[in-house]
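Numbering (the numbering used here), first residue to last: 71 to 216.
Just below is one structure, and these are the notes that go with it.
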(Lines of atoms letter the chains of each structure in order from A and count residues from 1; the text may use other names and numbers.)
(Lines give C-alpha, C1' and ligand atoms only; values in the text may rest on other atoms or scores of the structure.)
Protein backbone atom coordinates (compact mmCIF):
# COMPACT_ATOMS: atom_id res chain seq x y z
CA UNK A 1 0.00 0.00 0.00
CA UNK A 2 1.59 3.24 -1.11
CA UNK A 3 -0.66 5.43 1.07
CA UNK A 4 -0.22 4.94 4.82
CA UNK A 5 -3.02 6.52 6.88
CA UNK A 6 -1.85 7.97 10.19
CA UNK A 7 -5.35 8.27 11.67
CA UNK A 8 -7.89 5.45 11.29
CA UNK A 9 -11.23 5.48 13.09
CA UNK A 10 -14.17 3.14 12.57
CA UNK A 11 -17.42 2.27 14.33
CA UNK A 12 -20.97 1.05 13.74
CA UNK A 13 -24.20 2.98 14.19
CA UNK A 14 -27.92 2.50 13.59
CA UNK A 15 -28.29 5.56 11.35
CA UNK A 16 -25.95 7.86 9.46
CA UNK A 17 -27.04 11.27 8.24
CA UNK A 18 -25.19 13.56 5.86
CA UNK A 19 -26.54 17.11 6.04
CA UNK A 20 -26.71 19.57 3.14
CA UNK A 21 -23.41 21.07 4.31
CA UNK A 22 -21.87 17.55 4.05
CA UNK A 23 -21.46 17.16 7.82
CA UNK A 24 -21.84 13.55 8.96
CA UNK A 25 -23.90 12.60 12.02
CA UNK A 26 -23.84 9.10 13.48
CA UNK A 27 -26.97 8.14 15.43
CA UNK A 28 -26.95 5.42 18.14
CA UNK A 29 -23.46 3.92 18.17
CA UNK A 30 -23.86 0.13 18.39
CA UNK A 31 -21.78 -3.02 18.59
CA UNK A 32 -24.25 -5.43 20.24
CA UNK A 33 -27.33 -6.74 18.45
CA UNK A 34 -29.88 -8.77 20.40
CA UNK A 35 -31.91 -11.12 18.22
CA UNK A 36 -34.84 -13.17 19.62
CA UNK A 37 -34.26 -16.94 19.49
CA UNK A 38 -37.43 -17.39 17.42
CA UNK A 39 -36.55 -14.69 14.85
CA UNK A 40 -37.07 -15.89 11.25
CA UNK A 41 -33.94 -17.07 9.42
CA UNK A 42 -34.53 -14.22 6.98
CA UNK A 43 -34.14 -11.56 9.70
CA UNK A 44 -31.84 -8.78 8.51
CA UNK A 45 -29.86 -6.44 10.75
CA UNK A 46 -29.44 -3.06 9.03
CA UNK A 47 -26.83 -0.62 10.29
CA UNK A 48 -23.92 1.48 9.07
CA UNK A 49 -20.14 1.36 9.26
CA UNK A 50 -18.45 4.75 9.54
CA UNK A 51 -14.76 4.77 8.59
CA UNK A 52 -12.42 7.77 8.70
CA UNK A 53 -9.01 7.48 7.03
CA UNK A 54 -6.79 10.56 7.45
CA UNK A 55 -3.17 11.55 6.89
CA UNK A 56 -0.98 14.58 6.29
CA UNK A 57 0.36 15.80 4.06
CA UNK A 58 -2.28 14.51 1.64
CA UNK A 59 -0.79 12.95 -1.51
CA UNK A 60 -2.53 13.39 -4.86
CA UNK A 61 -3.46 9.70 -5.14
CA UNK A 62 -6.39 7.31 -5.34
CA UNK A 63 -6.98 4.22 -3.21
CA UNK A 64 -9.19 1.15 -3.46
CA UNK A 65 -11.24 0.37 -0.36
CA UNK A 66 -12.52 -3.10 0.43
CA UNK A 67 -14.84 -4.35 3.16
CA UNK A 68 -15.19 -7.94 4.32
CA UNK A 69 -17.55 -9.50 6.86
CA UNK A 70 -15.77 -12.11 8.98
CA UNK A 71 -18.47 -14.20 10.62
CA UNK A 72 -18.25 -15.88 14.03
CA UNK A 73 -17.22 -19.18 12.39
CA UNK A 74 -14.45 -17.48 10.36
CA UNK A 75 -16.43 -17.48 7.10
CA UNK A 76 -15.44 -14.44 5.00
CA UNK A 77 -17.89 -12.49 2.80
CA UNK A 78 -16.95 -9.45 0.72
CA UNK A 79 -19.34 -6.56 1.40
CA UNK A 80 -20.71 -4.78 -1.64
CA UNK A 81 -21.35 -1.05 -1.38
CA UNK A 82 -21.85 1.76 -3.89
CA UNK A 83 -18.13 2.37 -4.50
CA UNK A 84 -16.97 -1.27 -4.47
CA UNK A 85 -14.10 -1.63 -6.91
CA UNK A 86 -13.95 2.10 -7.72
CA UNK A 87 -10.94 4.16 -6.64
CA UNK A 88 -11.35 7.00 -4.14
CA UNK A 89 -9.41 10.23 -4.57
CA UNK A 90 -7.98 11.50 -1.29
CA UNK A 91 -9.47 14.86 -0.29
CA UNK A 92 -7.28 17.73 0.75
CA UNK A 93 -9.49 20.41 2.33
CA UNK A 94 -6.82 22.95 3.00
CA UNK A 95 -3.74 24.47 1.39
CA UNK A 96 -2.09 24.01 4.80
CA UNK A 97 -0.18 20.65 4.67
CA UNK A 98 -0.46 20.30 8.47
CA UNK A 99 -4.26 19.80 8.26
CA UNK A 100 -5.13 16.08 7.87
CA UNK A 101 -7.16 15.03 4.85
CA UNK A 102 -8.16 11.73 3.34
CA UNK A 103 -11.67 10.34 3.26
CA UNK A 104 -14.71 9.31 5.26
CA UNK A 105 -16.80 6.31 4.26
CA UNK A 106 -20.37 5.46 5.18
CA UNK A 107 -21.28 1.87 4.29
CA UNK A 108 -24.82 0.57 4.75
CA UNK A 109 -24.77 -3.02 6.00
CA UNK A 110 -27.57 -5.57 5.76
CA UNK A 111 -26.50 -8.67 7.68
CA UNK A 112 -28.40 -11.92 8.19
CA UNK A 113 -27.33 -13.11 11.69
CA UNK A 114 -26.39 -16.75 11.09
CA UNK A 115 -24.59 -17.42 14.40
CA UNK A 116 -24.46 -15.81 17.81
CA UNK A 117 -21.10 -14.47 18.94
CA UNK A 118 -18.61 -11.81 17.92
CA UNK A 119 -17.90 -11.16 14.26
CA UNK A 120 -16.19 -8.20 12.62
CA UNK A 121 -15.77 -6.14 9.51
CA UNK A 122 -12.33 -5.76 7.98
CA UNK A 123 -11.60 -2.58 6.06
CA UNK A 124 -8.69 -2.73 3.65
CA UNK A 125 -6.91 -0.10 1.59
CA UNK A 126 -5.30 -1.36 -1.62
CA UNK A 127 -5.56 -4.91 -0.22
CA UNK A 128 -3.97 -4.20 3.20
CA UNK A 129 -6.24 -4.42 6.27
CA UNK A 130 -6.22 -1.07 8.11
CA UNK A 131 -8.89 -1.72 10.76
CA UNK A 132 -11.39 -4.25 12.09
CA UNK A 133 -14.76 -3.30 13.58
CA UNK A 134 -16.13 -5.92 16.01
CA UNK A 135 -19.81 -6.51 16.68
CA UNK A 136 -21.66 -9.14 18.68
CA UNK A 137 -24.90 -10.96 17.95
CA UNK A 138 -26.61 -12.22 21.08
CA UNK A 139 -29.62 -14.54 20.99
CA UNK A 140 -32.19 -13.67 23.64
CA UNK A 141 -35.28 -15.53 24.80
CA UNK A 142 -38.34 -14.91 22.68
CA UNK A 143 -40.91 -12.62 24.28
CA UNK A 144 -43.83 -14.53 25.82
CA UNK A 145 -46.86 -14.99 23.58
CA UNK A 146 -49.74 -12.74 24.50
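Ideal placement from N, C-alpha and C gives every residue a C-beta, glycine not left out.
Predicted model, so just to flag it, every value in this text is computed and none were measured.
Reference residue i, options the options, closest by Cα
| i | options | result |
| --- | --- | --- |
| residue 147 | 86, 99, 208 and 192 | 192 |
| residue 129 | 163, 153, 202 and 208 | 163 |
| residue 155 | 143, 161, 133 and 174 | 133 |
| residue 102 | 80, 122, 188 and 160 | 188 |
| residue 202 | 208, 137, 175 and 167 | 137 |
| residue 118 | 125, 98 and 200 | 98 |
| residue 113 | 181, 196, 213 and 215 | 181 |
| residue 211 | 176, 126, 108 and 186 | 108 |
| residue 194 | 215, 206, 87 and 140 | 140 |
| residue 190 | 110, 168, 144 and 176 | 144 |
| residue 159 | 185, 178 and 131 | 131 |
Unbroken beta strand (DSSP E) run spanning residue i, endpoints
| i | result |
| --- | --- |
| residue 172 | 171 to 181 |
| residue 79 | 77 to 88 |
| residue 100 | Element bounds for residue 100: n/a, residue is neither H nor E. |
| residue 113 | Careful: residue 113 lies outside any beta strand (DSSP E) and carries neither H nor E. |
| residue 190 | 187 to 195 |
| residue 146 | 146 to 148 |
| residue 32 | Lying outside 71 to 216, the shown extent of the chain, residue 32 is not represented and no answer is given. |
| residue 140 | 135 to 140 |
For residue j and residue i, believed in contact at Cβ under 8 Å, the rounded distance
| i | j | result |
| --- | --- | --- |
| residue 123 | residue 173 | 6 Å |
| residue 77 | residue 170 | 6 Å |
| residue 209 | residue 105 | 6 Å |
| residue 157 | residue 127 | Not a contact, Cβ separation roughly 20 Å. |
Fill in: Sufficient close CB pairs (3 or more, under 8 Å) joining the region 76 to 96 to the region 150 to 157
No contact exists between the region 76 to 96 and the region 150 to 157.
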